[in-house]
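Read through the structure below, which is laid out as structure tokens, and then see the notes.
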Amino acid sequence: MPNGQSGARLLVADLAATSRNWSLTSDARQRIVASTPRGWRVHFVSAPTVSDGDGGHATSDEVLSVVPDAEAYFGFGLSKAVFEAGTKLKWVHSAAAGVGAALFPEMVASDVILTNAAGIYGKPIAQHVLGGVLYFLRSFDIAGTLQREAKWDKQPFVGDASQVRELADCTVLVIGAGGLGSAIAEAMAHFGACCVGVRKHPDRPLPDGFERTVGPDSIDAELASADVVVLSAPATPETRALLDARRIARLKGDAIVVNVGRGSLIDEDALIGALEAGKLRGAVLDVFGTEPLPESSPLWALENVLITPHVSGVSPNWYWPRQLDLFLDNWSRYDAGRPMRNIVDKRSGY
């Protein structure tokens with residue numbers, strides 16, 4: 003059937019957003035139209051997607067009016083309301099990597115295929131991590147303080163108390179050695195860092211960027227020798243407070259902690275305590291237990307913390323090209339009945 007003909011299989015593209023950097027561009031829309039498989043039609047939702055304040059997204063009346071006829075849904079996550087209205091849905095693709103808000107019991111128990119955008123954020127997040135780590139390794143935090151005081155002082159950089167290092171001096175422990183973790187390790191290894199990955203199946207082929215990988219049961223043993231610890235694992239019951247007070251206490255006094263995974267991966271109070279006591283060189287934090295980070299959080303006032311508001315994956319010029327490379331390939335695979343990429347294990351949570 004022609005693409006626009008009623009009766010064709012329907013994809014609902016719910017990709018309008020309040021931010022220009024995230025909303026579907028005209029070029030991206032044209033690319034979807036040009037790549038629509040025969041026998042399909044697309045409804046592009048015009049109402050912007052907004053956060054519902056609970057990790058999901060508010061649902062517009064427009065979506066609810068069209069999704070009952072949809073076989074496939076492409077959006078920023080999936081709300082329970084859309085799922086309940088979409089009684090004919092067989093495939094949902096989330097434009098986000100994390101899908102925790104979509105894994106409500108009814109979705110988990112269903113036969114609906116869920117795929118995500120894991121992998122497309124690897125390059126910008128890797129650069130974000132690299133920049134944050136260099137911020138502390140090269141003592142840019144100290145440089146910023148001296149600049150604000152209009153003070154020329156080389157001693158913090160060249161004196162006996164200097165904390166300036168190179169990445170080639172560092173062992174980087176990446177907890178979560180999937181696609182994102184591999185991208186981070188590649189960026190670090192390019193500058194000479196020794197990268198060790200933690201993943202559920204360490205016996206599988208070694209991902210790019212890593213010198214070796216270990217299982218979760220080896221985290222404690224690896225922490226004591228880590229100069230940098232990067233959290234890039236998904237949020238699951240098993241990873242909650244993965245970096246707790248006991249494990250934070252195992253870290254070196256000049257270690258740097260980075261979290262670009264999920265806020266739930268760290269015991270935030272324990273991390274704050276270690277940072278306040280000067281037991282860590284610093285922390286690079288893009289995700290938090292509560293978002294937005296409350297104004298009352300002690301993290302805001304700590305000079306050894308670099309805070310960004312959950313933006314490590316932002317890349318306006320590359321987001322939609324990468325997103326559509328993945329989605330359109332998957333749509334072709336789904337239409338042809340071939341194995342798909344990025345299928346989420348709904349019971350494992352990733």
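So the sequence shown is numbered by my numbering: it starts at 3 and just counts up by one.
Just so you know, even glycine gets a beta-carbon here, dropped at the ideal spot from N, CA and C.
Since the model is a prediction, treat every value here as computed from it, not as a measurement.
* Asked: In chain order, what residues of the same chain have a beta carbon less than 6 Å from the beta carbon of residue 128, not counting five sequence neighbours either side?
  -> Numbered from 1 along the sequence shown, position 126 holds the residue referred to as residue 128. Result list for residue 128: 185, 186 and 189, in chain order.
* Going by DSSP, which residues form a beta bridge with residue 123? -> Mapped onto the sequence shown, residue 123 falls at position 121. Partner(s): none; residue 123 has no beta bridge.
* Asked: According to the neighbour-count rule (16 or more other Cβ atoms, all chains shown, within 10 Å of its Cβ), is residue 276 buried or exposed?
  -> Counted from its first residue, the sequence shown places residue 276 at position 274. Residue 276 comes out buried.
* Asked: Grouping DSSP H, G and I as helix and E and B as strand, with all else coil, what is residue 76?
  -> Numbered from 1 along the sequence shown, position 74 holds the residue referred to as residue 76. Strand, per DSSP.
* **Where residue 349 sits in the DSSP three-state scheme** => Here the question's residue 349 lines up with position 347 in the sequence shown. It is coil, neither helix nor strand.
* **Proximity of residue 258 and residue 68 at Cβ, strictly below 8 Å** => Translated into the one-based positions of the sequence shown, residue 258 becomes position 256. Translated into the one-based positions of the sequence shown, residue 68 becomes position 66. Not closer than 8 Å, so no.
* Near residue 138, what residues of its chain come up, given a Cβ to Cβ distance below 7 Å and the 5 sequence neighbours on each side ignored? -> Here residue 138 refers to the residue found at position 136 of the sequence shown. Here the set comprises 258, 283 and 284.
* **Cβ-Cβ distance between residue 222 and residue 249 below 8 Å** => In the sequence shown, the residue the question calls residue 222 occupies position 220. In the sequence shown, the residue the question calls residue 249 occupies position 247. The answer is yes: Cβ separation under 8 Å.
* To do: Provide the residue span of the alpha helix (DSSP H) that contains residue 199, from first to last.
  => As a first step, residue 199 must be located in the sequence shown, where it is residue number 197. Segment 196-200 is the beta strand (DSSP E) holding residue 199; no alpha helix (DSSP H) there.
* Could you check what DSSP says for residue 332 in three-state terms: helix, strand or coil? => As a working note, residue 332 is residue 330 in the sequence shown. Of the three classes helix, strand and coil, the one that applies to residue 332 here is helix, per DSSP.
* Asked: Taking the alpha-carbon positions, what's the residue 210 to residue 290 distance?
  -> Here residue 210 refers to the residue found at position 208 of the sequence shown. Here residue 290 refers to the residue found at position 288 of the sequence shown. Spanning the two alpha carbons is a distance of roughly 28 Å.
* **Three-way DSSP call (helix, strand, coil) for residue 35 in this model** => Along the sequence shown, one-based indexing puts residue 35 at 33. In the structure shown, residue 35 sits in a helix (DSSP, three-state: H, G or I).
* Work out the CA separation of residue 228 and residue 333 for me, nearest whole Å. => Stepping through the sequence shown from its first residue, residue 333 is reached at position 331. Stepping through the sequence shown from its first residue, residue 228 is reached at position 226. Near 41 Å, if we compare the C-alpha coordinates of residue 228 and residue 333.
* Asked: Do residue 177 and residue 235 come within 8 Å of each other at the CB atom, strictly closer than that value?
  -> Mapped onto the sequence shown, residue 235 falls at position 233. Mapped onto the sequence shown, residue 177 falls at position 175. Yes; because the gap between Cβ atoms is below 8 Å, this pair is in contact.
* To do: Name the two residues that bound the continuous alpha helix (DSSP H) containing residue 150.
  => As a first step, residue 150 is located in the sequence shown; it is residue number 148 there, counting from the start. From DSSP, the alpha helix (DSSP H) with residue 150 extends over 142-150.
* To do: State buried or exposed for residue 150, treating a residue as buried only when at least 16 other CB atoms are found within 10 Å of its CB.
  => Against the sequence shown, residue 150 aligns to sequence position 148. Result: exposed.
* Short check: CB of residue 14 to CB of residue 72, under 8 Å? -> Mapped onto the sequence shown, residue 14 falls at position 12. Mapped onto the sequence shown, residue 72 falls at position 70. Yes, these two residues count as a Cβ contact at 8 Å.
* **Cβ-based neighbour list, residue 201, same chain, cut-off 6 Å, excluding 5 preceding and 5 following** => Position 199 of the sequence shown, counting from 1, holds the residue named residue 201. Cβ within range, chain order: 179 and 215.
* Asked: Count the other CB atoms within 10 Å of the CB of residue 270; is the residue buried (16 or more) or exposed (fewer)?
  -> Taking the sequence shown and counting its residues from 1, one reaches residue 270 at position 268. Residue 270 is buried by the Cβ-count criterion.
* Exposed or buried, what is residue 124 when buried is set at 16 or more other beta-carbons lying within 10 Å of its beta-carbon? -> In the sequence shown, the residue the question calls residue 124 occupies position 122. Buried, since its Cβ has 16 or more Cβ neighbours within 10 Å.
* Short Cβ contact (8 Å threshold) for residue 341 with residue 349 -> Here residue 341 is taken as the residue at index 339 of the sequence shown, counted from 1. Here residue 349 is taken as the residue at index 347 of the sequence shown, counted from 1. It is not a contact, given that the beta carbons lie outside the stated cut-off.
* To do: Would you mind sorting residue 126 into buried or exposed? The rule is 16 or more other CB atoms within 10 Å of its CB.
  => Walking along the sequence shown from the start, residue 126 turns up at place 124. It counts as buried.
* Closest to residue 131 by CA distance: which of 93, 96, 175 and 159 is it? -> Against the sequence shown, residue 131 aligns to sequence position 129. That would be 175, whose Cα lies nearest to the Cα of residue 131.
* Asked: residue 197 to residue 164, Cα distance in whole Å?
  -> Taking the sequence shown and counting its residues from 1, the one referred to as residue 197 is at position 195. Taking the sequence shown and counting its residues from 1, the one referred to as residue 164 is at position 162. Their Cα atoms are separated by approximately 24 Å.
* Among the residues of its own chain, which have a CB less than 6 Å from the CB of residue 354, if the five just before and after it don't count? -> The structure shown does not extend to residue 354, since the chain is modelled only from 3 to 352, so the question has no answer here.
* Asked: With respect to the alpha helix (DSSP H) encompassing residue 356, which residues constitute its N-terminal and C-terminal limits?
  -> Since the first residue of the chain shown is 3 and the last is 352, residue 356 is not available in this structure.
* To do: Output yes or no for whether 8 Å exceeds the beta carbon distance between residue 344 and residue 328.
  => Taking the sequence shown and counting its residues from 1, the one referred to as residue 344 is at position 342. Taking the sequence shown and counting its residues from 1, the one referred to as residue 328 is at position 326. It is a contact, given that the beta carbons lie within the stated cut-off.
* Given 8 Å, three or more beta-carbon pairs between the segment 82-94 and the segment 111-121 -> yes
* Do residue 70 and residue 87 have their C-beta atoms within less than 8 Å of each other? -> Mapped onto the sequence shown, residue 70 falls at position 68. Mapped onto the sequence shown, residue 87 falls at position 85. Going by C-beta atoms, residue 70 is nearer than 8 Å to residue 87.
* Asked: Just to confirm, are residue 301 and residue 261 a CB contact at a threshold of 8 Å?
  -> Counting from one through the sequence shown, the residue named residue 301 turns up at place 299. Counting from one through the sequence shown, the residue named residue 261 turns up at place 259. No, these two residues do not count as a Cβ contact at 8 Å.
* Member of 346, 295 and 318 whose CA lies at the smallest distance from the CA of residue 22 -> Residue 22 sits at position 20 when you count from the first residue of the sequence shown. Measuring from the Cα of residue 22, the nearest candidate turns out to be 318.
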